[in-house]
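One structure below.
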Amino acid sequence: MPKAIRRVVTGHNAAGCSVFIMDAPAPHVYQRSPGSAVVTELWETRTMPADNGGNAEATDHAFRLAPPKNGTVFRVIEYPPDRQRLAALERERASADDGSGHSAAFDRGAPRHPGFHKTNSVDYAIEVLLKAGDVLVQRGTNHAWSNCADESAYVAFVLIDAEPV
Numbered sequence: 010m011p012k013a014i015r016r017v018v019t020g021h022n023a024a025g026c027s028v029f030i031m032d033a034p035a036p037h038v039y040q041r042s043p044g045s046a047v048v049t050e051l052w053e054t055r056t057m058p059a060d061n062g063g064n065a066e067a068t069d070h071a072f073r074l075a076p077p078k079n080g081t082v083f084r085v086i087e088y089p090p091d092r093q094r095l096a097a098l099e100r101e102r103a104s105a106d107d108g109s110g111h112s113a114a115f116d117r118g119a120p121r122h123p124g125f126h127k128t129n130s131v132d133y134a135i136e137v138l139l140k141a142g143d144v145l146v147q148r149g150t151n152h153a154w155s156n157c158a159d160e161s162a163y164v165a166f167v168l169i170d171a172e173p174v
């Protein structure tokens, strides 16, 4: 069972005052198959600069790996231990494209890890190999995530649309 992530979102009321518009577990959680990573979508923008008007749910759509063109996506990904996840990755690499961009992003050459992929985005990742609180800036390069521990690992990502390299 994926860990529910509480999401608190602010907005504006009819008088233009700041208010809390959402406070609940994030409603859009995706998992391709048992053993695969679990993606919790927290927020998305579709323009640059971002539009803070309105109070509609921004993540109410089918899962897509990359952020929208000229937009951003904020998500938390739960990585199960590799002993579970690596088999799921191999199945995903062999399966048909699901329309999310995930299949097209896979490194089909000679990847060092079955999860190697690349997106046209700048990704800010919080919590990597070193220790909690460290930050990685991923600039459209080939990469994969691995969890050698016995428990799930959680990484927060902010993806920003970028031109292809």
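Be aware that the sequence shown starts at 10, since it is given in this note's numbering, and climbs by one per residue. We put the CB at the ideal spot given by N, CA and C, even for glycine.
- Annotation for residue 96: 44 place their beta carbon closer than 8 Å to its own, counting only its chain and skipping 5 residues before and after.
- Residue 156 counts as buried, since no fewer than 16 other beta carbons sit within 10 angstroms of its beta carbon.
- When the five nearest sequence neighbours on each side are left out, the beta carbons in the same chain lying within less than 6 Å of the beta carbon of residue 88 are those of 46, 154, 156, 162, in order along the chain.
- The three-state reading of DSSP puts residue 111 in helix, counting H, G and I together.
- Here DSSP, grouped into helix, strand and coil, assigns residue 99 to helix.
- By alpha-carbon distance to residue 17, the top candidate from 41, 66, 58, 57 is 66.
- Per DSSP, the beta bridge partners of residue 20 are 28.
- A residue is called buried once 16 or more other Cβ atoms fall within 10 Å of its Cβ, and residue 76 is buried on that count.
- Around the beta-carbon of residue 142, fewer than 16 other beta-carbon atoms lie within 10 Å, marking it exposed.
- The three-state reading of DSSP puts residue 117 in coil, since its state is none of H, G, I, E or B.
- Inter-segment contact for the segment 115-128 and the segment 53-70 is absent: fewer than three beta-carbon pairs are separated by less than 8 Å.
- Residue pairing for residue 125: DSSP places it in no beta bridge.
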